[in-house]
Amino acid sequence: MTPEAAKLIGAGIAALPLAGAGIGLGLIFGNFLSGAFRNPSAAAANQQTLLLAFALTEFTGLLGFVVAMLILFVF
Amino acid sequence: MNSILSALALPMHLPQAAGPMEQFEIHRLAPLSLGNIDVSFTNSSLWMMIATGAAVIFFSSATRARALIPGRMQSIAEVLYNFVADMVRGAIGPEGMKFFPYVFTLFIYILLANLLGLLPSIPGVSHTFTTTSHIAVTFGLAMLTIAIVIFYGFYKNGLGFLKLFVPSGVPPWLLPLIVLIEFVSFLSRPLSLAIRLFANMLAGHIILKVFAGFIISLLGAGGVVSAIAIFPFLGTVAITLLELLVAFLQAYVFAILTCIYLNDAVNVGHH
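Keeping their order, the protein sequence lines are chains F and A.
All residue numbers for the first sequence refer to the working numbering, where the first residue is 1 and numbers rise by one.
All residue numbers for the second sequence refer to the working numbering, where the first residue is 76 and numbers rise by one.
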């Protein structure tokens, strides 16, 4: 295996955290929706927490993306 | 480099279809140096000045008349003011309004930098640059926030600020571990603030560029294959919409996290 091939495979593996971020985002929005349908009057008050949780979860996936980009373009 | 370009399906024979990372390159517009330090005026500096200038021009013209019944521009300015003021009051309380100018400046600057970065480049005329896609910029902003938290925390609470690392109601045998975890989590705050904004902007712009590259290579293939180019084109439109949302959301998240961290300095031991 050439170093170039190893680099590309490594970048692909580094993109795997996106799966975890996808599961996490699904859980956040799914649970928010199921809560919001049960008590719609409380939904608006929790919008801020929802966006915050979305950003914090998305960050995990983006960290993997940054590592993949570093492997591809920096090394 | 060649294999990377072909892996991303970007055609290399077209001069304007550069790789996805070229849009983040910094060029010197006016070379300057201070001793051994390079302080050149770059395209990054230019776009920062455009963002700041746009904010200054907008808010000075929106608040010039100060009518009781606001006009269109004054309405936008008031909506933005109330949005950030509610955020600060909600996260820190009325005491936190002394930090309002900082949070408002941060929010407007990041929002404008993100939105201006989405403007399309016109070949030969202008080259759009997203200042927030560089970790040097976002880490600078994050360190400013954390520095304010630390200085204000010690200024207001003295050594009592260290109670931040000791949550109440923890059994004594668990304390050493909890303090260590709290300390590491405090240290990771500037990093996570900086990397979140930077990575979101970088990822969005790379995805846009890669999809645009698909259009070019499919059109270049000719014949029936060219017709498929409509799909990446629709994809690009959809991603541009998503990026507009992300541009706002990341400015919002940066501002709200700044408020939450400032809350630790203002109301120590209330968590």
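Cβ atoms here follow ideal geometry from the backbone N, Cα and C, with glycine treated the same way.
Which of helix, strand or coil DSSP assigns to residue i
i: residue 194 of chain A; result: coil
i: residue 55 of chain F; result: helix
i: residue 243 of chain A; result: coil
i: residue 264 of chain A; result: helix
i: residue 228 of chain A; result: helix
i: residue 144 of chain A; result: coil
i: residue 1 of chain F; result: coil
i: residue 319 of chain A; result: helix
i: residue 157 of chain A; result: helix
Length of the line joining the Cα atoms of residue i and residue j
i: residue 332 of chain A; j: residue 278 of chain A; result: 21 Å
i: residue 329 of chain A; j: residue 336 of chain A; result: 11 Å
i: residue 58 of chain F; j: residue 7 of chain F; result: 25 Å
i: residue 339 of chain A; j: residue 308 of chain A; result: 46 Å
i: residue 271 of chain A; j: residue 262 of chain A; result: 15 Å
i: residue 191 of chain A; j: residue 126 of chain A; result: 7 Å
i: residue 257 of chain A; j: residue 325 of chain A; result: 25 Å
i: residue 275 of chain A; j: residue 267 of chain A; result: 12 Å
i: residue 312 of chain A; j: residue 250 of chain A; result: 52 Å
i: residue 162 of chain A; j: residue 53 of chain F; result: 16 Å
i: residue 228 of chain A; j: residue 341 of chain A; result: 7 Å
Sub-8 Å separation of residue i and residue j beta-carbons
i: residue 15 of chain F; j: residue 64 of chain F; result: yes
i: residue 154 of chain A; j: residue 182 of chain A; result: no
i: residue 343 of chain A; j: residue 235 of chain A; result: yes
i: residue 315 of chain A; j: residue 273 of chain A; result: no
i: residue 60 of chain F; j: residue 20 of chain F; result: yes
i: residue 98 of chain A; j: residue 238 of chain A; result: no
i: residue 281 of chain A; j: residue 95 of chain A; result: yes
i: residue 327 of chain A; j: residue 18 of chain F; result: no
i: residue 129 of chain A; j: residue 138 of chain A; result: no
Assumed close pair residue i, residue j - CB separation to whole angstroms, cut-off 8 Å
i: residue 205 of chain A; j: residue 188 of chain A; result: 7 Å
i: residue 186 of chain A; j: residue 323 of chain A; result: 6 Å
i: residue 71 of chain F; j: residue 26 of chain F; result: The pair is not a contact, with the Cβ atoms about 27 Å apart (cut-off 8 Å).
i: residue 100 of chain A; j: residue 193 of chain A; result: Between residue 193 of chain A and residue 100 of chain A the Cβ distance is about 18 Å, and since that is not below 8 Å, they are no contact.
Residue(s) in a DSSP beta bridge with residue i
i: residue 108 of chain A; result: A/113
i: residue 103 of chain A; result: A/117
i: residue 135 of chain A; result: DSSP output for residue 135 of chain A lists no bridge partner at all.
i: residue 292 of chain A; result: DSSP output for residue 292 of chain A lists no bridge partner at all.
i: residue 201 of chain A; result: A/197
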